[in-house]
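Asker: Residue numbers (this note's numbering): 112 to 327.
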Amino acid sequence: MAKNKRDKIRDLKKAFQKHKVLKIEELFEVIGTTSKRTVNRYIKELEHLTSYTHKGRYYTLREIVEFDAHGLWHYDDIGFSKHGTLFDTITYFVEHSEKGMTGKELNTESHTEVKYALLDLVKEEKLSRAKPNKVYVYLSSDSGKAQKQMQRREETTAHQTIDEETSFRVLVAAYKFVEDPPSPEQVADFLKNQGSKISLKVVLQVFQRYGLEKKT
112 MAKNKRDKIR DLKKAFQKHK VLKIEELFEV IGTTSKRTVN RYIKELEHLT SYTHKGRYYT
172 LREIVEFDAH GLWHYDDIGF SKHGTLFDTI TYFVEHSEKG MTGKELNTES HTEVKYALLD
232 LVKEEKLSRA KPNKVYVYLS SDSGKAQKQM QRREETTAHQ TIDEETSFRV LVAAYKFVED
292 PPSPEQVADF LKNQGSKISL KVVLQVFQRY GLEKKT
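1) Measuring straight from C-alpha to C-alpha, what distance separates residue 189 and residue 134?
2) Taking Cβ positions, are residue 238 and residue 230 nearer each other than 8 Å?
3) Taking its Cβ as the centre, do 16 or more other Cβ atoms sit within 10 Å of residue 178, making it buried, or is it exposed?
4) Please say whether residue 202 and residue 247 have beta carbons closer to each other than 8 Å?
5) Please give the ranges of any alpha helix (DSSP H) in the region 160-217, keeping only runs that are unbroken, at least 4 residues long and fully inside the region.
6) Is DSSP giving residue 327 helix, strand or coil here?
7) Look up residue 314 in the DSSP assignment and say whether it is helix, strand or coil.
8) Tell me the DSSP bridge mates of residue 256?
9) Can you tell me whether residue 128 is buried or exposed, with buried defined as 16 or more other CB within 10 angstroms of its CB?
10) What is the rounded straight-line gap between the Cα of residue 132 and the Cα of residue 209?
What follows is the structure in structure tokens.
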């Protein structure tokens with residue numbers, strides 16, 4: 112006896128409950144067709160998701176998925192996103208980031224390679240980008256928001272780049288002025304005369320970190 116539409120939808124649901132994730136060829140087998148249009152017609156009857164990885168070749172049911180804090184769910188290396196496609200997911204991550212995101216950061220966040228998707232998103236002006244320190248940072252398509260994201264990244268980077276060796280050199284230079292506690296400007300000038308590239312901004316940050324500001 113030939114199965115009707117209700118039977119095939121029931122078979123689809125059972126297959127998903129058993130295997131969690133199915134690719135299009137497996138859906139063909141369950142329904143008994145080789146037409147993607149037919150598969151789409153049946154699967155629309157179920158609340159389903161399409162993978163944002165593997166070029167959208169995999170499907171699952173919404174009731175199976177448990178999204179993490181970033182709105183992602185993975186079954187082995189197959190990823191599903193509450194934000195939609197890979198393009199939608201990348202755009203969401205960048206737009207909601209405080210300081211933009213690099214390609215490497217997006218690879219880590221999305222658990223997949225995003226290089227070519229980023230090129231398309233920039234080309235379509237859905238994202239913007241800047242290149243400080245020889246690494247592209249992907250930013251909001253809104254110029255005002257992108258400027259704020261870039262400013263936050265630069266501030267964070269400035270603090271992170273003051274390593275222990277740099278701090279030590281600033282402190283040593285400061286303590287050469289034993290008789291009179293020096294100003295950050297004096298220490299910066301001293302370091303510059305010694306051939307150092309440590310800037311006044313960095314000296315100021317070290318002074319703040321170690322409480323070396325002059326008391327008035």
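Ideal Cβ placement from N, Cα and C applies to all residues, glycine included.
Answerer: Let me lay it out:
1) Distance between the alpha carbons of residue 189 and residue 134: 10 Å.
2) In this structure, residue 230 does not lie closer than 8 Å to residue 238 by Cβ.
3) With fewer than 16 Cβ atoms within 10 Å of its Cβ, residue 178 is classed as exposed.
4) Contact annotation: residue 247 and residue 202 have beta-carbon atoms that are not nearer than 8 Å.
5) Counting whole runs of 4 or more residues, the region 160-217 contains the alpha helix (DSSP H) stretches 197-206.
6) Here residue 327 scores only 42 on pLDDT, less than 50, and its place in the model should not be relied on; the value that follows carries that caveat. Three-state DSSP puts residue 327 in coil, outside helix and strand.
7) The answer is helix: DSSP assigns residue 314 an H, G or I state.
8) According to DSSP, residue 256 bridges with nothing at all.
9) Exposed, since its Cβ has fewer than 16 Cβ neighbours within 10 Å.
10) Each residue's alpha carbon lies about 34 Å from the other.
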